[in-house]
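Number of protein chains: 4
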Amino acid sequence: MINIGLIGAGRIGQIHAENILTMPHVQVKTVSDLVPEKIKVWAESVSIPNVTNRVEDIFEDPSIDAVLICSSTHTHTDLIERAAVAGKHVFCEKPISFNIQQTKRAVEAIKQAKLQFQTGFNRRFDPNFSRVREWITEGRIGEPHIIKITSRDPAPPPYEYIKVSGGLFIDMAIHDFDMARFLSGSEVEEVSVAGAVLIDPMIGELDDIDTAITTLRFKNGSLAVIDNSRKAAYGYDQRVEVFGSEGQVNVQNQFPNSAELSNGQGVFKDKPQYFFLERYKESYLKEIKSFIDAIRCGDATPVTGEDGYQAELIALAAKTSLAEQRPVKISEMA
Amino acid sequence: MINIGLIGAGRIGQIHAENILTMPHVQVKTVSDLVPEKIKVWAESVSIPNVTNRVEDIFEDPSIDAVLICSSTHTHTDLIERAAVAGKHVFCEKPISFNIQQTKRAVEAIKQAKLQFQTGFNRRFDPNFSRVREWITEGRIGEPHIIKITSRDPAPPPYEYIKVSGGLFIDMAIHDFDMARFLSGSEVEEVSVAGAVLIDPMIGELDDIDTAITTLRFKNGSLAVIDNSRKAAYGYDQRVEVFGSEGQVNVQNQFPNSAELSNGQGVFKDKPQYFFLERYKESYLKEIKSFIDAIRCGDATPVTGEDGYQAELIALAAKTSLAEQRPVKISEMA
Amino acid sequence: MINIGLIGAGRIGQIHAENILTMPHVQVKTVSDLVPEKIKVWAESVSIPNVTNRVEDIFEDPSIDAVLICSSTHTHTDLIERAAVAGKHVFCEKPISFNIQQTKRAVEAIKQAKLQFQTGFNRRFDPNFSRVREWITEGRIGEPHIIKITSRDPAPPPYEYIKVSGGLFIDMAIHDFDMARFLSGSEVEEVSVAGAVLIDPMIGELDDIDTAITTLRFKNGSLAVIDNSRKAAYGYDQRVEVFGSEGQVNVQNQFPNSAELSNGQGVFKDKPQYFFLERYKESYLKEIKSFIDAIRCGDATPVTGEDGYQAELIALAAKTSLAEQRPVKISEMA
Amino acid sequence: MINIGLIGAGRIGQIHAENILTMPHVQVKTVSDLVPEKIKVWAESVSIPNVTNRVEDIFEDPSIDAVLICSSTHTHTDLIERAAVAGKHVFCEKPISFNIQQTKRAVEAIKQAKLQFQTGFNRRFDPNFSRVREWITEGRIGEPHIIKITSRDPAPPPYEYIKVSGGLFIDMAIHDFDMARFLSGSEVEEVSVAGAVLIDPMIGELDDIDTAITTLRFKNGSLAVIDNSRKAAYGYDQRVEVFGSEGQVNVQNQFPNSAELSNGQGVFKDKPQYFFLERYKESYLKEIKSFIDAIRCGDATPVTGEDGYQAELIALAAKTSLAEQRPVKISEMA
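Following this line, the structure appears as structure tokens:
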């Protein structure tokens, strides 16, 4: 039996706990949250025996093997370092931190302690994107030349969140930076951004953007382009295309059903699944399962701390490119 | 807390139990199976406390509210009648029986006992087919004129099963007969069959067919056509199209992913999901949830015993049409 | 230079003449029509030098190599027999006649005269259907088991036409009967029909139907099913699917463009091309080119008189099946 | 009758002449080509009476209303200015010239002479792209935020052509720059390029690139991104997507047929149409028809000299951005 401590029982924390419930020989033993009374009913419904507001109850419990860090981003690196000291494996939500040096130090601490670490880039486990990766790895498109990622949310987050989110690149596009690395198999060398505030001027006043086109140049010479928007009227838009020397592979959005209606006006179908909870349901399950498997078998996790660190470097370069209106080398950021 | 007794823990029985596990305030208390030792490990993994080979342990337990009948078809009607006597609600897999009179009597017994009864036509709960039904009900295609159902299995069942299955119509096409009624909103009046043995001559020697085109005429004058095959090289093929006075709606197969590869040879994607366990995963969950909800709220179940009876009548007419090579009226069968 | 005589300059006759205009070394020399004054402007615009109301002007002109018979169906066989006598190759629109014996005799007359004859089943030349045929012929779906043809018009013809059209089977479904033979590579043995009047009761009063499901059994044991409707709200619906022992191939409708709009309501695209003039534009061109090529090279035409005769036999069996409500053997009709 | 003079009877010149052949009341009266003997047979087949190697035979013929300039790019502006003097309307293939000042002067000369001028941006007439434009104009996606253009050729041109083509931006991407303006309804303000040589190092040695991602910023604040490749293994790849405040619209490639084959390996269909002759067949016809209509009715042409000039400005900015590795303002180029 593997025992898990969950730190932070917000939306994502709850998803992980519910997914663990369906797996044999693993349980969430303790959940720590700032407001434990709010999650008691939920914790009971998913058979978590201990609810606390003290993370020490997790770090000091020798029966707990691993922690899931799902609290606010600013708390992550401190918790990771405490986990390293306490000898707990770590699954940490993205981004690891807002500060590239803190991220580096936290990842290093876990590495020194020879513990498992997984960054929460769940999209790698999406059956669509993982099929794209497989076909690339099998050489079915030859050498990748151009990666195109479409990544648009159905609606902007609340202003309160935007203020503390770290901005579009660190909060939202970081998933796409990881996806670009995941699909490319090469490291990013240079980043160039065209950003805009087209959806809500208030987002601009909060010193963020809501629309961006980001071009990446990889060390192997290939290119990637990501377009982000905070608001797609038709819901979550998450597509990928990879063009290579021998062919091209792409994936489309997922739809709640395939029903198609033809009438005198035209042909109509329902819009895509609304947001990440629907679209990435399966990937969340596979993600946490891969972490448990890594602990159990001692294999490397499929998304390392280095992966979290590299994505943050790209986000940092993107912010710099936006501010200085020029292509920015990753090597300037490290 | 609703307590369930499960009779028969084969593939379908296990699916229902696993789905119930994820629902609050309902549990499978006892499972009865002919070979209890074979299912003990599984029963423990899904937290079923009691495993038995005596159905009496279920019928005589006053705390048990409902039974799921997932045993062999020839045992169904006897078990339904015992459930009626014992005052247990019944969920029964399709077909209810091989004998239309026994089916009628069993359904009537439950009705007299004022208990809930649901027939296991899970496909009604598939998000694709239910969206078709919704759009028809909303009048978006006007009056239905032609219903077309494609229903093909990836591979024929073993000969041993074919011998006792009741044949293609009662074992396999019965789902399609129910789908036709579900989508039409009218009752079938006449059935006409063209059948063939094209896949495996041994199926013909077992007095069954492996390929069929069945035409239905409804009381409202509209038509339906179903094509069945026991073996589609590309997996499970389950599609529906409804053509009406104002438009047409159709649904396609479900695919494991949307990845599409273009190269010098053409455009390629993975084949559809392999069989019913993958394709109807979501519909099985919704099906059993609807039964639990009906017990809890006292509402009618969404698929009644009458629905099971009507589908069997159509299957019987189809067998007769095949044997006598003529259109057969449902009224001849009742 | 090949010289053509066109008999009947209605919609179809004009299409053929316009297509011939674009081909080198062939010209329509004379057009004969009941009301020549109505077509003079058109004839000039497509460079046809002679306009007449006397078919003799065509049959007696020794420089004319071939005739296109595009006049009313009841005139066809007489014209074919005169062409046989006059030594002109014949392209004849479908159906060849309303009387199977007349059709047989006319086809035989051309055969005895060792002239070319092509029946106007243009759909065989559609790039979609011809690709299906190619893949079947290459063995890519193994042995065909089930052929499914959807064939629906955007609107019923005028009552005046319905009165003289010969009915849904001989006027409309005859194309589908030919398509079934074209794709199957086997001959039809038995026909079974379920027909209905669902669109317009007046069509019933004119002793026709507007909706039909026709099942065909081929000599090789395989099956086909055709569904016909006189009125699809969304335009011309012309699709085919062939299911075989090793796979399945299908073609969809053609659309005027591929634009797809996603918004808060769903996903929307334009309806399919409206009717045969748009959908079969390319097939009409290829059809008449194949006839000219056959004359030039002395090869067999790709759609023979026998093909026209066989499709009429099936139509006749379908009418009989509808009237007598039973499966009808083709051998009963010959 | 409108009389046309064709200058240059290469591939594109021949397409225009063949399309004019099908239109009433317009003819190509004279064709001028460097090697007239090579085109005599072709000219006869499309009924062009005069073949010459002297453009004066066109400019000095008072019966000629308009010229189609389809010769090499370096000859364009001189011919345009001679047409202005001779009082002939001009249809000119893209690009107008390799020199932005020459382009400006030539366009101005025609304007002063109050003659019609159309630049050969045929893609605007493609039924797919024009439907996208219509829906944008109708406000169906709200305000455009992001335009995405995919534009990939099936194979690089010969080295000899690359040497004189003006490079990827002026030869190939200029179509995409025009498409971006056509769809946006705003003018480009800034261009930023990431280019690479990934297909053939020799292209790099010829001082060109074969792969590019170009980001455009429009005056209205919106963004566009274009990805170009000289070699797509699966043929011509020409797609567009426009994302706006209220929705998104996109168009896909065109396929030679819709046949889809499912078997044990997966689902397969033919690759898209190979190159521009197939893909843009319809747009070439509509393009030249629009030019003839403009002459006939005196309306403005749908693609003006200004449109040609603006696209060249963007190409020039793209070349500069590539060379200097920075975002470049259009205002720097004018």
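Chains as they are written, first to last, in this note's numbering: chain A, 24 to 357; chain B, 24 to 357; chain C, 24 to 357; chain D, 24 to 357.
For every residue, glycine included, the Cβ atom is placed at its ideal position computed from N, Cα and C.
Note that the structure is a prediction, hence the values are computed from the model and not measured.
Report the rounded CA-to-CA distance for residue i versus residue j, giving the unit in angstroms.
i, j, result
"residue 311 of chain B", "residue 153 of chain B", "16 Å"
"residue 90 of chain D", "residue 327 of chain C", "48 Å"
"residue 97 of chain D", "residue 120 of chain D", "6 Å"
"residue 212 of chain D", "residue 189 of chain A", "29 Å"
"residue 44 of chain B", "residue 70 of chain A", "12 Å"
"residue 174 of chain C", "residue 234 of chain A", "47 Å"
"residue 123 of chain B", "residue 133 of chain B", "16 Å"
"residue 47 of chain D", "residue 68 of chain C", "7 Å"
"residue 290 of chain D", "residue 271 of chain C", "9 Å"
"residue 145 of chain A", "residue 345 of chain C", "60 Å"
"residue 130 of chain D", "residue 228 of chain A", "44 Å"
"residue 127 of chain A", "residue 332 of chain A", "7 Å"
Check the Cβ of residue i against every Cβ in chain A and list those closer than 7 Å, keeping chain order.
i, result
"residue 269 of chain D", "256"
"residue 250 of chain D", "169, 171 and 248"
Using a cut-off of 9 Å between C-beta atoms, extract the partners of residue i located in chain C.
i, result
"residue 291 of chain A", "288, 289, 290, 291 and 292"
"residue 217 of chain B", "213, 215, 238, 239, 240, 246, 248 and 350"
How is residue i classed by DSSP in three states: helix, strand or coil?
i, result
"residue 131 of chain D", "helix"
"residue 96 of chain A", "helix"
"residue 213 of chain A", "strand"
"residue 283 of chain C", "strand"
"residue 34 of chain A", "helix"
"residue 167 of chain D", "strand"
"residue 149 of chain B", "coil"
"residue 174 of chain D", "strand"
"residue 203 of chain C", "helix"
"residue 73 of chain A", "strand"
"residue 114 of chain C", "strand"
"residue 316 of chain D", "helix"
"residue 29 of chain A", "strand"
"residue 236 of chain A", "strand"
"residue 309 of chain C", "helix"
Between residue i and chain A, is the shortest Cβ-Cβ distance under 8 Å, so that the two count as touching?
i, result
"residue 238 of chain D", "yes"
"residue 65 of chain B", "no"
"residue 266 of chain D", "yes"
"residue 163 of chain B", "yes"
Can you check whether the C-beta of residue i is within less than 8 Å of a C-beta belonging to chain B?
i, result
"residue 36 of chain C", "no"
"residue 279 of chain A", "yes"
Could you tell me which chain D residues have their CB closer than 8 Å to the CB of residue i, listed as they occur along the chain?
i, result
"residue 135 of chain A", "Under the 8 Å cutoff, chain D gives no residues; its nearest Cβ is about 38 Å from residue 135 of chain A."
For a contact defined as C-beta to C-beta under 7 Å, what are the partners of residue i on chain D?
i, result
"residue 234 of chain A", "168, 169 and 246"
Under 7 Å Cβ-Cβ, which residues of chain C neighbour residue i?
i, result
"residue 285 of chain A", "257 and 294"
"residue 221 of chain B", "168, 244 and 245"
Taking 8 Å as the CB-CB cut-off, is residue i touching chain C?
i, result
"residue 323 of chain B", "no"
"residue 350 of chain B", "yes"
"residue 298 of chain B", "no"
"residue 72 of chain D", "no"
So is residue i in contact with chain D if we call contact Cβ pairs under 8 Å?
i, result
"residue 180 of chain A", "no"
Could you work out which residues of chain B lie near residue i, taking near to mean beta carbons separated by less than 8 Å?
i, result
"residue 282 of chain A", "151, 154, 155, 158, 272, 273 and 274"
Give me the Cβ distance between residue i and residue j, rounded to the nearest whole Å; I'm assuming they're in contact under 8 Å.
i, j, result
"residue 244 of chain B", "residue 219 of chain C", "5 Å"
"residue 195 of chain C", "residue 251 of chain C", "6 Å"
"residue 238 of chain A", "residue 246 of chain A", "7 Å"
Listing by chain order, which chain A residues have their CB less than 8 Å from the CB of residue i?
i, result
"residue 47 of chain B", "68"
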